Structures are given as structure tokens and as C-alpha cells.
Amino acid sequence: MSAIGQRPSLIDRVSEIRNQSARIEELWSSAQIIEVGKGRIRSTSEGLLFLTANDAVGGERYFLGIDRTTDIAYFAWASGVVDSEVEDYLTLRELSGGLSPLHLEISMHAIALANWHDAHPHCSKCGAQTRVDLAGAARICDVDLSQHHPRTDPAVIVLIKDRADRILLGHQPVWPDGRFSTFAGFLEPGETFEQCVSREVFEEAGVRLSEIKYLGSQPWPFPASIMIAFEAVTDAPNEARPDGDEITEVQWFSREELKTAAENGTLLLPPVVSVARRMIEGWLGDVKLDRKKLAGETWR
Ligand SMILES: [Zn+2]
């Protein structure tokens with residue numbers, strides 16, 4: 026299994042300087058700035074479009090951190106004018122396949138942070154308007170002085186295996202025909218990740234699991250998740266059945282069956298940037314997919 030989430034961060038978030046407004050202002054003046062809003066980033070056909078401080082007037086600024094190699098500071102700028110109808114503003118889904126690891130990391134952080142700011146303009150205690158605090162790492166209410174911090178919604182994602190080392194994939198009715206992926210679901214209050222894995226898989230696919238093992242994690246800001254990846258084993262593969270609601274088909278695959286189906290177009294895999302795809306390719310191991318034969322990327 027290839028490591029998921031093990032790559033060191035390329036950005037130093039230097040959280041200790043977030044309350045030093047003069048230092049933040051100085052970094053802003055020479056920063057690389059990406060414009061964000063409504064889950065979109067201003068981009069060109071080549072990738073991210075970086076602005077300078079002169080271009081970024083008004084709006085809200087969110088400090089992302091400093092490149093560990095080049096010392097360049099990065100900020101996200103919520104201009105308030107992002108228009109989803111304008112083609113220069115792309116979603117991470119549209120962009121992510123072509124981004125470098127650095128730009129992907131910046132984009133994930135910027136979009137997750139901007140999504141949270143955008144959804145939390147008011148104080149959850151008194152309802153007053155809040156404003157940016159700590160260079161974008163929090164919001165503050167000037168009425169009751171409560172500070173509000175970004176939230177991330179944990180979701181588990183599971184690679185289910187049987188004793189013959191096949192994997193079980195499921196199809197959601199909102200996806201195109203033939204698109205299958207691993208099983209996922211949101212953590213509920215008071216639940217451990219492992220309990221969530223067992224519950225979600227039994228609800229959606231009807232199988233009981235053992236040997237639940239952590240694989241890694243990946244930010245998934247659509248709009249505010251992190252995917253926590255596990256693999257697990259079932260002793261009763263024949264009991265697999267779709268719940269008919271969230272999952273309408275389930276299918277077991279050996280490595281050769283999966284490769285054949287993916288390359289002849291009857292199976293559509295999740296996108297390359299997704300943790301689901303990396304879990305599947307990690308399990309495939311030496312059975313490499315011929316990318317040229319695969320159908321195009323499908324997100325929905
Ligand atoms: Zn308040």
C-alpha cells in the first residue's frame with residue numbers, strides 16, 4: 026500500500042506569527058496571492074494565477090504560510106467578487122489533476138479556509154457579525170469577544186477486502202453508470218473512526234468487518250472534509266448487498282478483473298487526486314493500470 030498523507034508539508038504555517046499584524050502586513054506586501062471564493066480559485070489554463078498585493082484590494086486576507094524552500098509567503102484573498110460563471114475561476118476538481126504538490130497543498134488550504142470563512146459570517150453565540158482574526162486562522166465577535174475556529178468534518182473511507190484479497194466497490198446512483206469507488210461516510214458525534222467504519226459499511230454494503238487498519242488521511246475541502254482512510258477485511262463476502270439508497274450496486278473485484286474492466290471502459294474509477302483512487306492503486310500494487318486505456322476522469 027502506497028503511503029497516503031505521509032508527504033511532509035511543503036509550507037511552514039508559522040502559526041506563531043499570526044497575531045503579529047506588522048509582520049503579516051510585511052509578508053503580504055511581497056506575497057504570492059491566490060484569489061478564492063465559492064469553492065473556486067482564479068486560474069489560467071496553466072494552473073493557479075498568482076496576484077500581488079497591488080492587485081488585491083479590499084476583501085479578506087488569509088495567511089497560508091511560507092514556502093520552506095523559497096521563503097515565499099502565500100496568502101488567500103477572498104475578493105468577494107468571484108463569479109462562478111467566469112471561466113477564469115476554476116474549482117479544485119477542475120484544477121487538481123494538473124497542480125504541483127506545492128500548488129495542490131496551497132489550494133486545499135485556501136479553499137478549505139475560505140469555505141469556512143464564507144459560511145461563518147456571524148457569531149454562533151450572539152448572532153453579531155464576526156471579522157477575520159489571527160491573519161485568517163480564526164474569526165472574532167466584537168460583541169462578546171468569542172473567537173471562532175475553522176472546523177473540519179471527518180469522514181472515513183474504507184477499502185474492503187475479502188480473504189481472497191479481492192476488494193468490494195460500490196456505485197452511487199448520482200454517479201454515471203459504471204463508476205465504482207470505495208465506501209465512505211461521515212463520523213457521527215461520540216463515535217470512534219473504527220466504529221464509524223463498521224457502521225457505514227454495514228449500512229451501505231451489508232458486510233461485517235474485522236482487522237480495521239488505518240492507512241492515512243487527505244484533506245477534502247468539498248466543502249470542509251478530511252478523508253480518513255482505512256482498510257478492513259470481511260469473512261462473509263457473499264453477504265455484500267447495496268442498501269438501495271446511497272449505494273445501488275456492489276461488486277467484488279480481483280486485481281485482474283479490476284484492471285480489465287477499467288481498461289475496457291466498463292469500470293470508471295474515482296479521479297487520480299482522490300484518496301479512493303490511491304487506495305485502489307495501492308492495493309493493485311504491481312498490477313499497473315494503463316492510463317491511456319482508462320476512461321476520462323469523472324467526479325460525479
Ligand atoms: Zn458574539
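Its first residue numbered 26, the sequence shown is counted upward by one per residue in the working numbering. C-beta atoms are modelled at their ideal positions from N, C-alpha and C, and glycine is treated no differently. In this text, all values refer to a predicted model and were calculated from it rather than measured experimentally.
The region 248 to 296 is shown to contain whole alpha helix (DSSP H) runs of 4 or more residues at 280 to 288, in chain order. Following the DSSP letters along the chain, one finds A230 in no beta strand (DSSP E) but inside the alpha helix (DSSP H) bounded by residues 218 to 230. Within a 10 Å sphere around the beta-carbon of V183 sit 16 or more other beta-carbons, which makes this residue buried. In this structure, A261 is the residue among E60, S299, A261 with its C-alpha nearest to the C-alpha of R191. For A153, the Cβ falls inside the 7 Å cut-off from some heavy atom of ligand 1.
The distance from the Cβ of A180 to that of V168 is about 34 Å, inconsistent with a contact at the 8 Å cut-off. Apart from sequence neighbours up to five positions away, the residues of its chain that approach A160 with a beta-carbon distance below 6 Å are R43, I49, F88, ordered along the chain. Shown here, R302 sits in a helix according to DSSP, grouped into three states. Secondary-structure assignment with DSSP links F75 through no beta bridge to anything. For V168, the shortest separation between its Cβ and any heavy atom of ligand 1 lies below 7 Å. Taking the CA atoms as reference points, E282 sits about 34 Å from M133.
H145 carries a coil assignment under DSSP once its states are collapsed to helix, strand and coil. Nearest in C-alpha terms to E112, of all of S104, E236, S70, E274, is S70.
Fewer than three beta-carbon pairs drawn from the region 221 to 238 and the region 285 to 298 are found closer than 8 Å, and the two stretches are therefore not classed as touching.
A direct Cα-Cα distance of roughly 20 Å separates A254 from P126. R65 is positioned such that its CB atom lies closer than 8 Å to that of L115.
For G122, the secondary structure class from DSSP, reduced to helix, strand or coil, is helix. DSSP places S54 inside the alpha helix (DSSP H), whose first and last residues are 46 to 54. Inter-residue distance for E236 and E256 is about 8 Å (C-alpha atoms, whole angstroms).
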